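Peer 1: Counting from 1, position 567 in the sequence shown corresponds to residue 567 in full-length UniProt numbering; the numbering is continuous, with no gaps.
We put the beta carbon where it would ideally sit given N, CA and C, even for glycine.
Source: prediction; values computed, not measured.
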Amino acid sequence: MAQGVLMPKEGITVESCIIGEWKKNVGDPVAVGDVLFTYETDKAEFECTSTAAGTLLAKFYEDGDEVPCLVNVCAVGQPGEEFESLRGAGSAAAPAEAPAAAPAATAPAAAPAASGNVAQGVVMPKEGITVESCIIGEWQKNVGDQVAVGDVLFTYETDKAEFECTSTAAGTLLAKFYEDGDEVPCLINVCAVGQPGQEFECLRGIGGTPAAAAAPVETAPAPAAAAPVAAAGPVATAVIMPKEGITVESCLIGEWQKQVGDQVAVGDVLFTYETDKAEFECTSTAAGTLLAKFYEDGDEVPCLINVCAVGQPGDAFECLRGISGNPAVAPAAAPAAAEDTSDDGSPISPRARALAAKANVNPSGAKGTGPNGRIIERDVRRLMEEGAFKKAPAAAEAAAPAPAPAAAPVPAAAEADYVDVKFNAVRKATAKSMMKSLSTMAQLTQQFSFDATQLQTYRKLLKAMDGPMGKISLNDMVMFAVSRTVLSCPDLNANMLEENAVRQFKTVNLGFACDTPRGLLVPVIAHAEKKSLLEISMEAKELAALARDGKLPVDKMNGGTFTVTNIGAFGCEAFTPVINPPQTGILGVCNIQTKIKSVKDGAIETYPAMGLSLTFDHRVVDGAPAARFMQALCQNLENFLTLLAQ
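#1: Nearest to Lys59 by CA position, among Ala309, Ala44 and Ile19, is which residue?
#2: In angstroms, rounded to a whole number, what distance separates the CA positions of Glu138 and Lys367?
#3: Within 10 angstroms of the Cβ of Val599, are there 16 or more other Cβ atoms? Answer buried if so, exposed if not.
#4: What do you reckon, are the CB atoms on Ile253 and Glu296 nearer than 8 Å?
#5: Could you tell me the boundaries of the beta strand (DSSP E) in which Gly519 lies?
#6: Quick one: residues in its chain with C-beta nearer than 7 Å to the C-beta of Glu66, no 5 flanking neighbours on either side, listed in chain order?
#7: I need the straight-line Cα distance from Val266 to Thr283, nearest angstrom please.
#8: Quick check on this structure: which residue in Ile586, Gln257 and Asp299 has the alpha carbon closest to the alpha carbon of Val421?
#9: Quick one: what does DSSP say Asp476 is sitting in, helix, strand or coil?
#10: Taking Cβ positions, are Val522 and Met469 nearer each other than 8 Å?
#11: Going straight from the alpha carbon of Lys358 to that of Asp180, what length do you get?
#12: Based on Cα-Cα distance, which residue from Gln456, Lys428 and Gly467 lies nearest to Gln593?
#13: Using only the alpha-carbon positions, how far apart do Ala211 and Arg204 sit?
#14: In the DSSP assignment, what are the bridge partners of Arg503?
#15: With distance defined between alpha-carbon atoms, name the residue in Asn72, Tyr607 and Ala626 nearest to Ile586.
#16: On the CB-based measure, 16 or more other CB atoms within 10 Å of its CB, does Lys428 come out buried or exposed?
#17: Thinking C-beta only, is Val123 closer than 8 Å to Gln3?
#18: Which value, in whole angstroms, describes the spacing of the CA atoms of Lys432 and Met441?
#19: Name the residue from Arg321, Cys74 and Phe480 whose alpha carbon lies nearest to the alpha carbon of Leu644.
#20: Quick one: what's got a C-beta closer than 6 Å to residue 650's C-beta in the same chain, skipping five residues either side?
#21: With C-beta atoms as the reference, is Val149 less than 8 Å away from Cys319?
#22: Relative to the C-alpha of Ser439, which residue among Ala501, Val554, Ile579 and Pro363 is closest?
#23: Mind checking which residues open and close the beta strand (DSSP E) that includes residue 654?
#24: Do Glu10 and Thr41 have their C-beta atoms closer together than 8 Å?
#25: Quick one: residues in its chain with C-beta nearer than 8 Å to the C-beta of Pro582, no 5 flanking neighbours on either side, listed in chain order?
#26: Spatial neighbours of Pro29 within its chain, please: CB distance less than 7 Å, with the 5 preceding and 5 following residues excluded, ordered by chain position.
#27: Classify Gln259: buried if its beta carbon has 16 or more other beta carbons within 10 angstroms, exposed otherwise.
#28: Mapping DSSP to helix, strand and coil, what is Ser85?
#29: Can you give, in chain order, each stretch of the beta strand (DSSP E) that sits fully within the region 506-589 and has at least 3 residues?
#30: Given a threshold of 16 other Cβ atoms within 10 Å of its Cβ, counted over all protein chains shown, does Ile604 qualify as buried or as exposed?
#31: Nearest to Ala14 by CA position, among Gly611, Lys24, Glu21 and Tyr39, is which residue?
#32: Could you check the C-alpha separation between Gln631 and Lys597 for me, to the nearest Å?
#33: How long is the line joining the alpha carbons of Cys514 and Leu520, rounded to whole angstroms?
#34: Closer than 7 Å by C-beta to Ala238: which residues in its own chain qualify, once you throw out the five before and the five after it? Chain order, please.
#35: Could you say which of Val190, Gly207, Ala175 and Ile536 lies nearest to Glu199 if we only look at CA atoms?
#36: Please report the straight-line C-alpha distance between Leu70 and Ala170, rounded to a whole angstrom.
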């Protein structure tokens, strides 16, 4: 039976979405991860990617139709498969049925025999958002070797660390597409695992295993063909990490809402996940039991890679780990080689055991993070770094007095001296953006101050009023003045397009830095130059509240042309704010200090001086135009009532 593709549920309050445009037509071939259609809520637009491979058999809705969340939008499968039962339903797929005898009479055996079964590709993992390729270190298996699920096939390395790639399939290593030292793009097949005689050349140069062109029929007598199916058993349904936008490569798991062993219905929230912009909920596309979680809270998961498995107790799920979607052809189970184990019986990889022996460490204290809890090299390294490991038992026989080893646990006390905290998605995005900003721009900061007497007087007048007027802040006034002044310096109200081009905007989309529990976010007030002081104040407070609650829509953080950031409330006298790419400038608002100035007849008086720090991209803006902008801004702020009257 075909598989249904559901309309995703983008947030707790979203009940339906509108189809924007279909990207595939009925009859088109579809791979896992292909964009089927775009859809939109009242907040943003998204892409729906396929969770199944095959042919687009039917579209149940058309462009512009409103579709309830978690209802099937289309059907993907093999030509001839039934799909009408999916229309209007919310189940991604019906339970798997036993193969019918009909195909034997449908077509001659020659065609399927020519295509044959296809082996399973093993892809090069993607270790982080910015990693595009990895280098193969050393093959641990050779062509012709027997492979069990979880066996280490090869080591590979990025510019940061070395890893082990374990097999997601059982059988024979049929082909290696790359050799030691080769650089391989992430998510491209490195080798093929399957049964002797299976096709593998079609896997070369692509990612994953393509859907079978037709069900394998009678290349062998019927009883013999049935044996692998019985041995492998039914396979659970995989749930992939959604892709929230064209540029999103991975997401962070926030919190699991279901645990292994829990019952799951279609539409149940399995876990929350986040990008650098927003937080989402991942709902199940299958019903049954949560059999396995391949990632934990805080883990970064590449988009379209399986996160967990849902099915019936006893269904196979290890073959789903590290791949995208369900394999088109279930690999036949090969006799598993005897697993190398640690002293306490935990499975351990050869490289991990070698490292433990070299460091004289007992690996039984390590927590295995490999497939089936297997201890791999990084687990032993983590054990060594924590300082809480036990020495290997080789020296035990020389230690006659029992009390002597009791002093060994001293290093464990150091464990309480620090804690390792994983970056959340916002922190990662901020780190990446700020590093890019400082490493690709010629940033320069100018420090100014102005007499804030009139600003403070007007603020006291407003504070005595009721309602929103009484909540207008000094920062609101600064943003109002910026919105009226920045257009006088077009290169500051701009985005850098490329090395030698800049886009100047005729409207001011004013961003403002907002401190939230998740990290720094920058909401944007669109068309700020057309809004009153009260409108800017009210919108800023509304957007800031949404940002702090984690409910700020993505479209309210996009399109900024200039940014204001204020840390004056913390006593900051001057600082160097970092530009938010691709913008060309950012204004920092500092605290108010008491300064002195000379007045008529040489007399001296004190006044409240507010500091301003302008950082600009010197590739685009020269020092003189930047200083002229700051002069004009300070003049407008010193004469704020005049600015309001204009």
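Peer 2: Judging by the given coordinates:
#1: Taking the sequence shown and counting its residues from 1, one reaches residue 59 at position 59. Distance from the Cα of Lys59 is smallest, within the candidate group Ala309, Ala44 and Ile19, for Ile19.
#2: Residue mapping note: residue 138 aligns to position 138 of the sequence shown, counting from 1. Residue mapping note: residue 367 aligns to position 367 of the sequence shown, counting from 1. In this structure, the alpha-carbon of Glu138 lies about 25 Å from that of Lys367.
#3: Counted from its first residue, the sequence shown places residue 599 at position 599. Using a 10 angstroms sphere on the CB of Val599, the tally of other CB atoms stays under 16, which defines it as exposed.
#4: On the sequence shown, position 253 is the one that residue 253 refers to. On the sequence shown, position 296 is the one that residue 296 refers to. Contact annotation: Ile253 and Glu296 have beta-carbon atoms nearer than 8 Å.
#5: For the purposes of this step, residue 519 is identified with residue 519 of the sequence shown, where counting begins at 1. Residues Gly519 to Leu521.
#6: Along the sequence shown, one-based indexing puts residue 66 at 66. For Glu66, where only same-chain residues beyond five positions count, the Cβ hits under 7 Å are Ser16 and Ile18.
#7: Position 266 of the sequence shown, counting from 1, holds the residue named residue 266. Position 283 of the sequence shown, counting from 1, holds the residue named residue 283. For Val266 and Thr283, the distance between alpha carbons rounds to 7 Å.
#8: Numbered from its first residue, the sequence shown carries residue 421 at position 421. That would be Asp299, whose Cα lies nearest to the Cα of Val421.
#9: Locating residue 476 in the sequence shown gives position 476, counting from the first residue. Three-state DSSP puts Asp476 in a helix.
#10: For the purposes of this step, residue 522 is identified with residue 522 of the sequence shown, where counting begins at 1. For the purposes of this step, residue 469 is identified with residue 469 of the sequence shown, where counting begins at 1. Cβ atoms of Val522 and Met469: not closer than 8 Å.
#11: As a position in the sequence shown, residue 358 is number 358, starting the count at 1. As a position in the sequence shown, residue 180 is number 180, starting the count at 1. Linking Lys358 to Asp180 through their CA atoms gives a straight-line distance of about 24 Å.
#12: Stepping through the sequence shown from its first residue, residue 593 is reached at position 593. Out of Gln456, Lys428 and Gly467, Gln456 has the C-alpha closest to the C-alpha of Gln593.
#13: In the sequence shown, the residue the question calls residue 211 occupies position 211. In the sequence shown, the residue the question calls residue 204 occupies position 204. Note that Ala211 has pLDDT 47, beneath the 50 cutoff, so the model's placement of it is unreliable and no number is given.
#14: Here residue 503 refers to the residue found at position 503 when the sequence shown is read from its first residue. Arg503 is bridged to Asn495.
#15: Here residue 586 is taken as the residue at index 586 of the sequence shown, counted from 1. Ile586 has its Cα closest to that of Ala626, out of Asn72, Tyr607 and Ala626.
#16: For the purposes of this step, residue 428 is taken as the residue at position 428 of the sequence shown. Flag for Lys428 reads buried.
#17: Start at 1 with the first residue of the sequence shown, and residue 3 comes out as number 3. Start at 1 with the first residue of the sequence shown, and residue 123 comes out as number 123. Going by C-beta atoms, Gln3 is not nearer than 8 Å to Val123.
#18: Here residue 432 corresponds to residue number 432 of the sequence shown, with the count starting at 1. Here residue 441 corresponds to residue number 441 of the sequence shown, with the count starting at 1. Roughly 14 Å between the two C-alpha positions.
#19: As a position in the sequence shown, residue 644 is number 644, starting the count at 1. Nearest to Leu644 by alpha-carbon distance, out of Arg321, Cys74 and Phe480, is Phe480.
#20: Outside the shown range of the chain, which is 1 to 646, sits residue 650, and nothing can be said about it.
#21: The residue you call residue 149 lines up with position 149 of the sequence shown. The residue you call residue 319 lines up with position 319 of the sequence shown. Contact: yes.
#22: Taking the first residue of the sequence shown as 1, we reach residue 439 at position 439. Of the candidates Ala501, Val554, Ile579 and Pro363, the one whose C-alpha sits nearest the C-alpha of Ser439 is Ile579.
#23: For residue 654 there is no data in the structure shown, the boundaries of the chain being 1 and 646.
#24: In the sequence shown, counting from the first residue as 1, residue 10 sits at position 10. In the sequence shown, counting from the first residue as 1, residue 41 sits at position 41. In contact: Glu10 and Thr41 (Cβ atoms closer than 8 Å).
#25: Against the sequence shown, residue 582 aligns to sequence position 582. Answer for Pro582: Asn495, Met496 and Leu497, listed in chain order.
#26: Here the question's residue 29 lines up with position 29 in the sequence shown. Only Thr55 meet the Cβ criterion.
#27: In the sequence shown, counting from the first residue as 1, residue 259 sits at position 259. Answer is exposed; the Cβ neighbour count stays below 16.
#28: Residue numbering aside, residue 85 sits at position 85 when the sequence shown is read from its first letter. In the structure shown, Ser85 sits in a helix (DSSP, three-state: H, G or I).
#29: The region 506-589 contains these whole beta strand (DSSP E) runs: 510-512, 514-516, 519-521 and 562-566.
#30: Sequence index remark: in the sequence shown, residue 604 carries index 604 (1-based). With fewer than 16 other Cβ atoms within 10 Å, it is exposed.
#31: Here residue 14 corresponds to residue number 14 of the sequence shown, with the count starting at 1. The sequence given here places Val at residue 14; Ala does not occur at that position. Comparing Cα-Cα distances from Val14 to each of Gly611, Lys24, Glu21 and Tyr39, the minimum goes to Tyr39.
#32: Translated into the one-based positions of the sequence shown, residue 631 becomes position 631. Translated into the one-based positions of the sequence shown, residue 597 becomes position 597. Their backbone Cα atoms lie some 18 Å apart in a straight line.
#33: Here residue 514 is taken as the residue at index 514 of the sequence shown, counted from 1. Here residue 520 is taken as the residue at index 520 of the sequence shown, counted from 1. Going by the C-alpha atoms only, they are around 6 Å apart.
#34: The residue you call residue 238 lines up with position 238 of the sequence shown. Excluding sequence neighbours, Ala238 sits near Asn306, Ala309, Leu320, Gly325 and Asn326.
#35: In the sequence shown, counting from the first residue as 1, residue 199 sits at position 199. Of the candidates Val190, Gly207, Ala175 and Ile536, the one whose C-alpha sits nearest the C-alpha of Glu199 is Ala175.
#36: One-based indexing of the sequence shown puts residue 70 at position 70. One-based indexing of the sequence shown puts residue 170 at position 170. Between the C-alpha atoms of Leu70 and Ala170 there is a straight-line separation of about 34 Å.
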